[in-house]
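Under the numbering used here, the first residue of the sequence shown is numbered 647, with each subsequent residue one higher. For glycine and all other residues, C-beta sits at the position ideal for the given N, C-alpha and C. Model, not experiment: these values are computed from the prediction. First up is the structure itself, then whatever we jot down about it.
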Amino acid sequence: MTNGSRPENRVVSGMRPTGGLHLGNYHGALKNWLKLQYEYKCYYFVADWHALTTHYEDPSKISQDLWDMVIDWLAAGLNPSASTIFIQSQVPEHAELHLLLSMSTPLAWLERVPSYKDQQEKLLGRDLATYGFLGYPLLQAADILLYKPAFVPVGEDQVAHVELTREVARRINFLYGREPDFEERAERALKNFGARNGKRYRELRRRYQERGDVKALEDGKALVASSHNLTVADAERLLGFLEGGGRSILMEPEALLTETPKVPGLDGQKMSKSYGNTIALREDADSIQKKLKTMQTDPARIRRNDAGDPDKCPVWGLHKIYSDEQTRDWVNEGCRSAGIGCIDCKGRLNDAIQAELDPIRKRGQELSNNLDYVKSVVAEGCSEARDTARDTMEDVRAAMGVDYF
Ligand code: TRP
Ligand code: SF4
647 MTNGSRPENR VVSGMRPTGG LHLGNYHGAL KNWLKLQYEY KCYYFVADWH
697 ALTTHYEDPS KISQDLWDMV IDWLAAGLNP SASTIFIQSQ VPEHAELHLL
747 LSMSTPLAWL ERVPSYKDQQ EKLLGRDLAT YGFLGYPLLQ AADILLYKPA
797 FVPVGEDQVA HVELTREVAR RINFLYGREP DFEERAERAL KNFGARNGKR
847 YRELRRRYQE RGDVKALEDG KALVASSHNL TVADAERLLG FLEGGGRSIL
897 MEPEALLTET PKVPGLDGQK MSKSYGNTIA LREDADSIQK KLKTMQTDPA
947 RIRRNDAGDP DKCPVWGLHK IYSDEQTRDW VNEGCRSAGI GCIDCKGRLN
997 DAIQAELDPI RKRGQELSNN LDYVKSVVAE GCSEARDTAR DTMEDVRAAM
1047 GVDYF
């Protein structure tokens, strides 16, 4: 494999199959995915095995939920010719890497992941004292490391998992990155680098190793990254050789924590399926309008003549996401002076939400009527993802000494 798509340019992220997405998922995660697909090589997948770690007793809904979610992705604009869209369980390399990583991952690293205790306490009534649930973040590490991404866009609650992923990668590199003939292999890789690049590389390496010149290290990394005639394995050897360590087998990714607006639900709490306060991405226009009519407002505004305070009103929280400055000024002044009523205020919000959701609903309808197309897109994505995953596994197996033929 050549370096057509340098790992630096990759992004990986997954979502559990929760069924149709709501506005909170859309503004909190999916919109960011849409943007990233035109800046990076993106791998987006349905984490169906992750759903089983907490809902193993009732897997019957997963299939329907999974397709509903993928339809939402596509309807909202995830573009299969820009992004690789796939399903975790259809790329069995995720399981193989998870297993191999499990050999050297200390139990304590998993037990101290905050979501482990949190979720066990939150999801009372479900027996989560399982092997699969403890291994949840390690499976996530495998999901990520297989694709050697530079970035993993996630919400705040997932940052600890990306941290763990980095530690796991470091440990694997430390344990298995020292090929016996590492230096010779690096020298050989340098030959493939071309005379000019090779000379520059040696110069930068010397500056870094002799004088600790960090800028030289960065330039050296960029030089390796920009080369198109190195194999991935050779590029990794040269990166390792530059820093003075062994070859890096797995790459440490970074969490990409993006600013996302807080989306209030109908009752003013955070919008979330478990609170039953959501508006779905492909919900009927009528149903949305009805929900907005009964949506919580500033409790102090009982009669039309009472002045209100937008900061105490979840409807305002949605205006902040959906409305332009002029409308926001209109709400702010009108609410505080009792110049407008809540019905007027919600009417404008309804218009803005419907304008955003109309095209998504339309595309969603077409996709639902054409499930074969949706499935073929995902099948294609699975096979593409597998090609990348297979390359990584070849390296990992070789490094761990479990390649025999
Ligand atoms: N654990 C993530 C969540 O619950 C989903 C997930 C699984 C994921 N594997 C991943 C996210 C890999 C990013 C990268 O939201
Ligand atoms: Fe909320 Fe708008 Fe009513 Fe003010 S006018 S309380 S912002 S719904």
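Straight-line CA distance for G892 to A675?
-> 36 Å
Buried versus exposed call for S894 [16 or more other C-beta atoms within 10 Å across all chains shown] = buried
Assuming G886 contacts G840 (C-beta within less than 8 Å), just tell me the rounded distance between them.
-> Not confirmed; about 19 Å, so no contact.
Can you tell me whether DSSP reads E900 as helix, strand or coil?
-> strand
Is there contact here, the region 780-792 with the region 991-1002, by at least three beta-carbon pairs under 8 Å?
-> no
By Cβ distance, which residues of its chain are closer than 7 Å to L810, with the 5 residues on each side in sequence left out?
-> W755, V759, P783 and A787
Inspect the beta-carbon positions of Y690 and S659 and report whether they are closer than 8 Å.
-> yes
C-alpha gap between N671 and K845, whole angstroms | 50 Å
Burial state of K1008, where buried means 16 or more other Cβ atoms lie within 10 Å | exposed
For A815, collect the residues of the same chain with a Cβ closer than 7 Å to its Cβ; drop the 5 residues on either side in sequence, then sort them by chain order.
-> L791, L896, M897 and E898
According to DSSP, what are the bridge partners of F797?
-> V657 and E900
Meets three-Cβ-pair contact criterion under 8 Å: the region 1022-1029 and the region 732-739 | yes
Determine contact between the region 928-945 and the region 899-913, defined as no fewer than three beta-carbon pairs at a distance below 8 Å.
-> yes
Determine the closest residue to Q972 out of K687, G1010, A998 and E856, with distance taken between C-alpha atoms.
-> A998
Could you name the residues of the same chain whose beta carbon sits closer than 7 Å to that of N923, not counting the 5 residues immediately before and after it, in chain order?
-> G911, L912, D913, Q915 and M917
Could you check the C-alpha separation between E598 and C981 for me, to the nearest Å?
-> In the structure as shown, the chain starts at 647 and stops at 1051, and residue 598 therefore has no counterpart that could be examined.
Provide the residue span of the beta strand (DSSP E) that contains Y1050, from first to last.
-> Per DSSP, Y1050 belongs to no beta strand (DSSP E) and is neither H nor E.
CB contact flag (L769, L724, <8 Å) = no
Among all the DSSP beta bridges, which residues are the ones paired with I731?
-> Y690
Please say whether N875 and N819 have beta carbons closer to each other than 8 Å?
-> no
Return helix, strand or coil for A607, following the three-state DSSP convention.
-> Residue 607 is absent from the model: the chain starts at 647 and stops at 1051.
Output the distance between the C-alpha atoms of R950 and K936, rounded to the nearest integer angstrom.
-> 19 Å
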